[in-house]
Each structure stands twice: as structure tokens, then as C-alpha cells.
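Protein chains in written order, with our numbering: chain R, 6 to 688; chain C, 6 to 300. We put the beta carbon where it would ideally sit given N, CA and C, even for glycine. Working notes, structure below.
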């Protein structure tokens, strides 16, 4: 290796982890070499099953009990692969600390915040109770928690997700670690909160000069915030280089494919995304071959019989494990995003009566402590053949709205007109007939399939309910499966858990499409899928839409995905639509301040993009139990004035075809002068 | 494990190494032995008439003989010369019949009410849960004693009574499991297809809770066998002349000093049978819990 080993803080050589299972030995890590210098920030990127989490768990000494570690793993000269030795325990939690994905489970629910934050410091640094309290206060202050003194006595469930993650970071920082590992630390958060946490991590890393590993499946998250990136696939490192080099001239075929499959905010709408065929590799065994070969379009015989070694290219520190690398001067991966989907059905016929119209839809749930106003009167109309994207952060009501439209959730009031028929007033029998015309695809594909049923059984269910039987049923089921690219002869007899996520989502789409609906509601259909598989499903939806003239309501938190697939976009905030309009226009010139902040918070997979230039949205989402008066966004809006608190802005046309619910929309009129602090309304 | 990667193009592609072989998960010995015992008990009970043994009321000796002195009466004879082996085998017939029938009655009622309550919620769930609380508030053994003192218990009345008494437990298991399943996304997806109530319960939910229910059924059979043993021991179980394990223990009790085998043989058989049903039930439950109802 050409790395300067003297400088290396973390040194990993040929690290493997094996776990015996009923199906054979799996190798979550298979010969990993990696170095990390002091003060360096490394992005560790990979899809599910790539081994990225297992790698950082090995560093932290928290691998599963049944696993066996082999190879070399040292931190500042201390061996971390040899079990719980005295020296290793002095490193874990003290010099290396980790922030986990799910702060709800990584924090102890019955221990007060103050105690949890200072526990590490008390144990490792031997602080007294009073010193520990002071330390906890400093740390909570450092990670930007308001009123830290009051928080000391609170429990994790009393904090929001973003605040909990800040507490987790404070805990990790308690002993001044030399290395901080963030394992998908922002994956469960909304984009605006994710942006806050990533900025915080970056600030702390810079001021303390500690090393940091950011583990993520999202290339956008690591793009602007790391020095180097290591891409993992099938338990091995596929490519590793300086961040800018990786995005500009990735050499490994997998890295290229990954970058290409990502929909970005600046590619043309309805782009057909380049896909990676197949799905994640089987973790059983450690083949003497390139792990990516079965999915690689450029694979040659050698790729299937010999394991490519991670070799460096010159002395640049750019290493990749590929026999058939992409030439360095080839066009950047993202430029391959080529053809735009067939425009046949892409232009919805304006002027025709709407296929689906939603009027003043309201959804409420009663919970202990009050009523949650999930959806507070939204209205929109979709002409036949249109795709309407619905975006917003968690708790904005987009998913409740989608479910209420197909009557999976009770609406409190309002109407949903499908070609003029109000679905919400139909009897169960009449609604059952309408189910052939409007269908839904849910988020978690494997959970949405009955684990006891075969693939064919799942797809047949809807047809059986409609009274289809015999040969006609079998033919329709197989047609539906072929229509989504699932071979009924190979996969028809499998159960849901035997499918990959992408296959399962195809089956779920087939189940909906078997009824030949006119309207398809998609509730976060790709958010549970890996990037390379997500592109396959998006392309499939785009193709089905063109072939069948589907009208599609596409709900997602992912703004890039929504922009690519939608004709128009509705942006939701706290149960209301704040902006509605042509997707390109909304994204290029948002009219509502929330839309602008939301788009600015999207992690962009482009290391040259400057994060600081777009305004960051501060604060948390207000409680949906008691939404703010007037404009619901005013508590976080940088431009809020008295009027915003007094009067709720209606959703009105601010430009032809553009609707926004704001007293001071950004388009057309010049921005109002910055409000004085006193004018900023508090809830 | 050699970690060298120096294999040339001539080697087998994707060769799995020896240690990559699957770890075979063998069923534990206890489970195998318990299953063998249950099969043995069930088979000998069903085929009692075909076995080369004496009838339960035909004396084969003049008086008591200790075990292992003659064949096929290797378990000895009691004070009137009846074969202990015959009586143990025949004695299982009624207890097993009542235990199994009671389980079926209790489970059928409990599962029907429990899944329906979970699906429809609202007033039905309230009423069903209230009724089950009422039944649970009755002291079971006292109720059985009262029944036995009023009428002569029959297989049917005893089974129905046990089924009724156990109904709240199976109802709760079915209710809780069905509630979990009804919160899953596949149920949401089925509702989007317009699945009617009965179809949702029978085709979507039931197959996914069957594991837990069957596991509970085994435990229930074991519980009933103990209850029946107690009733027979107290002399208020199924009336003679048919032998029962509890009755054999009771009648052997007088001579436990001189002829302990008259107590220990039926007691050991009862213990082994109850233990076996419980063990199988526990194992099934572990499987159902550990694998989320599939695989």
C-alpha cells in the first residue's frame, strides 16, 4: 500500500468477519484494507449488505456474538481485533465514539438525558457527579440544544428525533474522542433536520480536529462533507479516493453505476435512469471473483474467476478493485442519464375534466393529549395522465392524505372525486368495485406482502375478490407479473421473504396493476430500496404510466425522486399544501419560503456544491397537536411578520399555474426587507 | 483460513470453502424424545384394541404381582390381578379424548371470537374482552367440582366445560396475535384490494397466527391432562369402570408402601405425557416468535 502508514490513526488490513448461518457462512466483511489519518473525514458509502455497518461495528468492538474477526485492526497502535482487552476497552467509547442511526433505541429510555450524556465521562475520566453535570451541560450546549439545563432531567422520549440525535452526538463527544463514527446518523431524520445535524457534525469535526467516519447509503450526504470516500460492495471496498476525484472520475464500474442511478435535481424531468440490473449479492460464501461481476455490464471472464485486488493508481491514493475500470477521461457518470421517457402520455391534457379531484380533505386522529390534525383541508385536481408529486417532511400529512384518498384511513371531511364519483361516500360494496380503478403501492415492499402467500397468491388476491377465477385468473396473474419484469415461472412460487426489496416492490406493483386501475397512488414506493434498485422501480412506474395512461399520485420525502417523476408538485407542511405547480418551476423558482428551504436542504451528490450558500431552516416542526395560528410555517420562517400570525394565507395563484399559500410569495414581488427580531412571531 | 488471493484463471469459479458449509440446525434431542413419546402414547391409545394385551377389566393374575415378572404384563398387576399396562393404555383413551376435544372446543371458540374482536374492534372487542374477564374470574376447579356433584360427567360435558374455561386464554392469544398482524402493511394492502372481513381474517391473518395458536394448543392439552388427572384422583372425573391415570394413582395410594409401582407407573406416564406436550408447545412457540411466523 502506498499510504503513509506512520500518519495512520486507524489501520485496517485484510479484515474479515464471518458468521456461520443455516444457509452457510456469510462474510459481511471480506478482506478490507483501510487507513484513516488523524483529523481526516472519511465517507463510507454502500448499499444494504455492503458491509459498511459491520466495518464500523468491528472498529467499535460491537460485532454480533456469533461472528469471528480475522485480520488486522489497530487504532493508534492498539489492537482492536483481539477481543475485549484492557487496552481495547480504553479505546472504545473514549477515543473512538459512535452515533447510531436510531436515537430512540440507542438512548436508554428510562435514564435521564443528563446522566446518559455524562456517563461515559464519569466512567472513563473519573469525574465526580457535580463535574459530570457541568460536563453534560457544556456538551448539550455545544450540540445546540436549547435550554440545556432543563433538558438534563428529561427522558429521551420527551425530545424530538433531531434533538435526540443531538443528545447522541453529545454522548459520543463526552470523552473528547479522536475518532467519531456517524453510522447513518441522519438517515431517519427529515432533510431540513438532517442538514442541521450534518452541519453540526462538520463544525464539531473542524473545531476539534478529530477524525470522522460518516457512514451513509446516500452519496449526497457525504459529497460535500468528507475528504475521502470509500465505496463498499459485498463486504469489500470497491473504490476509495479523494472525494472530488470519486465524483469526477470514478473508475470502478459499480461506483459509476451508483452515481448514474441517482436522480438529481438538475437532470431533465422524466429521465430514464440508468439502472444496475439484479440486486445485492448473496452474502453467503466468499467467491474468488469480483462481487459485482454478475451485475456488471463490462464483466469479462477474469472477473468471474479471480478476485480483483484494491490497487492504487499512481501515487494519488485513488484505489479501486476492478479489472475493467472505466477510462479516466470518460464522461462523468451523471452525464449518462440520457433518454427522457416517452412523451406520449407525459403531457396531461389540460382542460379535460379531472380524473381525480380532492376537495377540502381533512384527517384527524385522536391521541392521548389531544387531536392530531394530520391533514387540514387540502384540495387539488389531477387531469388524466398526470403525475402529481407530493413532498414534505415526516408529519406533514402526505401519507395520511394518500391513504385517506384510497380509503385506507378515515377522512374526517372532504371529498375524493374519481371521475366525478365521491369515493368517501360509497358503501363498502360499491367501494370494492371502485378499487379496480384506484390502487395504492405502499412503502415497505416486503412487509406489504403476506408472508404466508406466494408471489402468485399475492397478485391473485385482488382478482379473486373481483370474482376472477380459473384460467383467466392464472393468465392475468402471469401477465401482471411479466408486466413488472418478474418471471412468474421463476419467482411465482416464492414467498415475500425470499425476494429482494426491489423484486418485492415489483410484485406489490403487479398486485395493484393486475386490477388495471386508472389511478395509482404511490406512498413512498422507493424509500425502502437501495439506490441501484430504486432506479429500476422508478423506470418501471414511468413505463407503466406511459403504457397504461395511468394517473399517478406519487408521495415521497425525496425531492430528487419526486422532481424526476412528476409533472406537477404539491409541497406539504403540517397538514396543508403550501405550494403547488409545475415541477420544474417549483424547483427552479420556489414561491414559498418553505419550499426554498426544503430544496436547499437536499443533500446534493456534488462535492463542488457549496453547502453554506443556501439558507438553512432552523428549529423543529411544531407539534401537530396544536399547529401555530395563521401561517403554519411562520415559527420557522425567516420572513414571518405579524400578518402571518393573524391570518392563514390561502392557497392562491401567484403566477399562471402556480399556487402558493404565503402572504409574501417569493416569485413576482420583491423580497420584503428582513424583519426585525421583534416582528418574528413565536408560537 | 488462508487469505491469499493468488488463484489463477484455472481455478474453480466462486469456490465455496469448507467452512462455508451451512450450519445444520438439528432439532434438539429433548424435542425428538418428546415427539416420540407423544406419538407412542397416541398410537397405543388408538390401537389399544389391537395390541396383544389383556382388557382393562380382565384379571390376568390372582393378585398383585410386581413389574418385570411376566409378558406382556411387564408393568405388573394390581391387587385384583388387572394388568397395569392394559389399564395405563386404556386409561389414556378417555383423558386424551377429553383433553384434545376440550382444546379443540376452546381454541375454536377463542380464535373465532378473538380474531373477530381484533378485526372489528369497537363494541365487539369490549363485549368479548368483558366476557373473557368474567369467565377468568370463575375458579375453574371449583366450577368443575360443582358440575361433577350435580351430574355424572361425560366425555362431552367435561370437554365442553374445559373448553369454556380455557376459552379466555386462547381468545387472548388469538386477539393479541391478530392485533399485531392487523397492524402490518400486508393487511393494509389487502384492504386496498377491498378484502371483505371474513376473507381478511381467514386468508390473511389466520395463516400468520397459526404457529402461535398451535403452540398454545399443545400447552393447553398438557394443562387439561393435569386437570383431568386431578379430577380423577379426587374421584369426580369420568366414572368407572373405564380406568384413568388419576384414578389409578388414587387407588394405588393405599398400598404405596408395599406396591409403590401402582402409583409410580401411572404418575410417571402422566408426567412424561404432560412434559412432552409442554415441551413441544414451547419449541413451536419459540419458532413462531423467533422467525416472525415464516421460514
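- Along the region 174 to 203 of chain C, going in chain order, the ones with a CB nearer than 8 Å to a CB of chain R are 189, 190, 191, 193, 194, 195, 196, 197, 198, 199, 200, 201.
- Put simply, the CB of residue 291 (chain C) is far from chain R, with every gap to its CB atoms at 8 Å or more.
- Interface with chain C (8 Å Cβ-Cβ cutoff): residue 579 (chain R) is excluded.
- The criterion of a C-beta distance shorter than 8 Å is satisfied by residue 239 (chain R) and residue 55 (chain R).
- Interface flag for residue 283 (chain C) against chain R is unset, since no Cβ pair is found closer than 8 Å.
- Between residue 620 (chain R) and residue 605 (chain R), the C-beta gap is smaller than 8 Å, which places the two residues in contact.
- Note: residue 584 (chain R) is bridge-paired with R:576, R:665 in the DSSP secondary-structure output.
- For the region 129 to 158 of chain R, the continuous alpha helix (DSSP H) assignments of 4+ residues that do not extend past its boundaries occur at 134 to 147, 153 to 156, in sequence order.
- A direct Cα-to-Cα measurement between residue 130 (chain R) and residue 40 (chain R) gives close to 28 Å.
- In terms of Cα proximity to residue 101 (chain R), the closest of R:437, R:93, R:299 is R:93.
- In this chain, the beta strand (DSSP E) harbouring residue 559 (chain R) covers 556 to 561.
- Contacts with chain C (Cβ-Cβ distance below 7 Å) from the region 433 to 446 of chain R involve 436, 437, 440, 444, 445, listed in chain order.
- Residue 453 (chain R) has a beta carbon lying within less than 8 Å of a beta carbon in chain C.
- Comparing C-alpha distances from residue 491 (chain R) to each of R:372, R:607, R:523, R:545 shows the shortest one belongs to R:545.
- DSSP places residue 220 (chain C) outside any beta strand (DSSP E); the residue lies instead in the alpha helix (DSSP H), whose first and last residues are 211 to 238.
- Rounded to the nearest angstrom, the gap between the Cα atoms of residue 110 (chain C) and residue 214 (chain C) is 18 Å.
- Those residues of the region 32 to 54 of chain C placed with their C-beta closer than 9 Å to a C-beta in chain R do not exist.
- Along the region 458 to 474 of chain R, going in chain order, the ones with a CB nearer than 7 Å to a CB of chain C are 466, 467, 470.
- In the DSSP assignment, residue 221 (chain R) is bridged to R:50.
- DSSP places residue 564 (chain R) within a helical segment (H, G or I) once states are collapsed to three.
- If you draw a straight line from the Cα of residue 391 (chain R) to the Cα of residue 627 (chain R), it comes to about 32 Å.
- Here residue 270 (chain C) is buried, its C-beta having at least 16 other C-beta atoms within 10 Å.
- Collapsing the DSSP output to three states places residue 25 (chain R) in a strand.
- For residue 523 (chain R), the closest Cβ of chain C is not nearer than 8 Å.
- With contact defined as three or more Cβ pairs closer than 8 Å, the region 185 to 200 of chain R and the region 591 to 610 of chain R are in contact.
- Within the region 382 to 412 of chain R, contact with chain C at the beta-carbon level (separation under 9 Å) is assigned to 408, 411, 412.
- In the structure shown, the three-state DSSP call for residue 42 (chain R) is strand.
- Taking the CA atoms as reference points, residue 414 (chain R) sits about 15 Å from residue 382 (chain R).
- Three or more Cβ pairs drawn from the region 577 to 596 of chain R and the region 396 to 410 of chain R lie within less than 8 Å of each other, which places the two stretches in contact.
- By the neighbour-count criterion, in which 16 or more other beta carbons inside 10 Å mark a residue as buried, residue 502 (chain R) falls on the exposed side.
- In chain order, 92, 93, 96 place their CB closer than 7 Å to the CB of residue 83 (chain R), counting only its own chain and leaving out the 5 sequence neighbours on each side.
- Look at residue 233 (chain R) here: in three-state DSSP terms it is strand.
- For the 8 Å CB-CB criterion, residue 331 (chain R) and residue 256 (chain R) form a contact.
- Separation of residue 251 (chain C) and residue 49 (chain C) (C-alpha to C-alpha, rounded to the nearest whole angstrom) is 18 Å.
- Note on the region 243 to 274 of chain R: whole alpha helix (DSSP H) runs with a minimum of 4 residues are 248 to 254, 258 to 265, in chain order.
- As summarised for the region 70 to 131 of chain R, the continuous alpha helix (DSSP H) elements at least 4 residues long and confined to that stretch are 91 to 96, 108 to 111, 118 to 130, given in chain order.
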